[in-house]
Amino acid sequence: SALIAIAQQILDSEAMSIPVTRWVDPPMPSEAIYAFLGIATLPRLLPGNPLRHLPREMVLRVAQFAYSPAYRASWSHPWIDTDADGREAVEVDVMPLLDAPFGQYLGLTVSRPIRRGVTYVEVTLNCAWYGTGVQLAGLGQEFRLALTCDDSTIPETNTAHLLPYDDMTQRLAVRNFDNCWTWITEPVIFGLLIDMTRGCCTFYLNGRVGPCVRFPSSGAQHWRQHGVQIQVDEFPEETSQGPPQCLVSCASPRLSPPTPSSVPMTPQELRDKGDLYVEM
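Position one of the sequence shown corresponds to residue 179 (our numbering), numbered consecutively onward.
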């Protein structure tokens, strides 16, 4: 009977589907951009254009330096159906994940790892509750920001905490995120400014700037080679106060927040500085 139950779970999971509420066209491949720039050597260009005198191979080589494809965030999950036109899912309704069989990952992952440079990504939920959070996978240790509540205050303070990889026994709340989000009834926007050059991530929550947290040093070789991926999980279930669906979107805006001038710090260093405090 146990084998039958497991088999039924597998069948149920294969039949599950996460509804996509918004698609976008995929980014143009770099090769197409290079080819487009390469037509600068075609005779039909104006005679005054100096590029037409350059060899086509040289123009293509210059194009590789002139164009760097922007990062495009989209969601990946086995239950997200592929689009016939090649479009990518950027907003989905995650309610089916709440009924997932035991052992199934109950979160979403961005489809592309971030490997170089500075990249800003926003994750927006139309509703969230305690525990909802974002994390970076690929660092070798847990690196997560989650919504929480400090019940040592009257009234209670909705905030967000970091799981410090250098001391997993603590939960360090972000002081600048106190009272900046609402349980269930209002949208929540997580922002992650990921700097692969300096090896750090600055967190944002509903427009407020949070700490610039240094990546764990123990997994540096892995994340420098393979990059990191953003994940989001712990979605709210339907309640009498909540909406009938939980929409989760991701975006990589062209205009990202400026890179903080502050030096990246470990969670414990941020606690000593006063930007983080121990959640009671």
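Ideal Cβ placement from N, Cα and C applies to all residues, glycine included.
No experiment lies behind these values; they were computed from the predicted model shown.
List the endpoints of the continuous beta strand (DSSP E) containing residue 339. Along the sequence shown, one-based indexing puts residue 339 at 161. Annotation: the continuous beta strand (DSSP E) that includes residue 339 extends over 335-340.
What does a CB cutoff of less than 8 Å around residue 357 pick up in its chain, not counting 5 residues either side in sequence? As a working mapping, residue 357 is identified with position 179 in the sequence shown. The answer, listed in chain order, is 335, 336 and 337.
Please state whether the Cβ-Cβ distance between residue 294 and residue 405 is less than 9 Å. Reading the sequence shown from its first residue, position 116 is the one you call residue 294. Reading the sequence shown from its first residue, position 227 is the one you call residue 405. Yes, Cβ-Cβ distance for residue 294 and residue 405 is below 9 Å.
Using 8 Å as the cut-off, can you tell me whether the stretch 310-328 makes contact with the stretch 398-412, which would need three or more C-beta pairs spanning the two stretches below that distance? With the cut-off at 8 Å, the stretch 310-328 and the stretch 398-412 touch.
Taking the alpha-carbon positions, what's the residue 260 to residue 306 distance? For the purposes of this step, residue 260 is identified with residue 82 of the sequence shown, where counting begins at 1. For the purposes of this step, residue 306 is identified with residue 128 of the sequence shown, where counting begins at 1. So the two alpha carbons sit approximately 27 Å from each other.
Where does residue 374 land, buried or exposed, given buried means 16+ other C-beta within 10 angstroms? On the sequence shown, position 196 is the one that residue 374 refers to. Here residue 374 is buried, its C-beta having at least 16 other C-beta atoms within 10 Å.
Do the CB positions of residue 272 and residue 425 come within less than 9 Å of each other? Translated into positions along the sequence shown, residue 272 becomes position 94. Translated into positions along the sequence shown, residue 425 becomes position 247. Closer than 9 Å, so yes.
Might you give, ordered along the chain, the residues of its own chain that have their beta carbon closer than 6 Å to the beta carbon of residue 275, omitting 5 neighbours on each side? On the sequence shown, position 97 is the one that residue 275 refers to. Shown here for residue 275: same chain residues with a beta carbon closer than 6 Å to its own, the five before and five after excluded, namely 284 in chain order.
By Cβ distance, which residues of its chain are closer than 6 Å to residue 194, with the 5 residues on each side in sequence left out? On the sequence shown, position 16 is the one that residue 194 refers to. Cβ neighbours of residue 194 beyond the five flanking positions: 257 and 274.
For residue 371, name the three-state secondary structure that DSSP assigns. Indexing the sequence shown from 1 puts residue 371 at position 193. Residue 371 falls in the strand class under three-state DSSP.
Are the stretch 340-348 and the stretch 438-456 touching by the rule of at least three beta carbon pairs closer than 8 Å? With a cut-off of 8 Å, the stretch 438-456 and the stretch 340-348 count as touching, because enough Cβ pairs lie within range.
Among 354, 327, 452 and 371, whose alpha-carbon lies nearest the alpha-carbon of residue 439? Residue 439 sits at position 261 when you count from the first residue of the sequence shown. Cα-wise, what sits closest to residue 439 is 371.
Threshold first: 4 residues or longer. Then list the alpha helix (DSSP H) segments lying entirely within the stretch 396-458, N to C. DSSP runs (the alpha helix (DSSP H)) wholly in the stretch 396-458: 398-404 and 445-451.
Which word fits residue 433, buried or exposed, when buried means at least 16 other C-beta atoms lie within 10 angstroms of its C-beta? Locating residue 433 in the sequence shown gives position 255, counting from the first residue. Exposed is the call here.
Is residue 300 helix, strand or coil by DSSP? In the sequence shown, counting from the first residue as 1, residue 300 sits at position 122. The answer is strand: DSSP assigns residue 300 an E or B state.
Please list, in chain order, all residues of the same chain as residue 451 whose beta carbon is under 8 Å from its beta carbon, the five residues on each side excluded. By one-based count along the sequence shown, residue 451 stands at place 273. These residues qualify, in order along the chain: 443.
Leaving out five residues before and five after residue 369 in sequence, what residues of the same chain have Cβ atoms less than 6 Å from its Cβ? Your numbering for residue 369 matches position 191 in the sequence shown. Annotation for residue 369: 300 and 382 place their beta carbon closer than 6 Å to its own, counting only its chain and skipping 5 residues before and after.
Among the residues of its own chain, which have a CB less than 6 Å from the CB of residue 200, if the five just before and after it don't count? Counting from one through the sequence shown, the residue named residue 200 turns up at place 22. So the list reads 268 and 269, once near-sequence residues are dropped.
I'd like the list of long-range same chain contacts for residue 378, defined as Cβ closer than 7 Å, with 5 residues on each side in sequence excluded. The count along the sequence shown starts at 1 and reaches residue 378 at position 200. Here the set comprises 390, 391, 392, 393 and 442.
Would you kindly report the start and end of the unbroken beta strand (DSSP E) that includes residue 314? Sequence index remark: in the sequence shown, residue 314 carries index 136 (1-based). Per DSSP, the unbroken beta strand (DSSP E) holding residue 314 starts and ends at 311-315.
Nearest-angstrom Cα separation, counted from residue 263 out to residue 399: One-based indexing of the sequence shown puts residue 399 at position 221. One-based indexing of the sequence shown puts residue 263 at position 85. Taking the straight line joining both Cα atoms gives about 37 Å.
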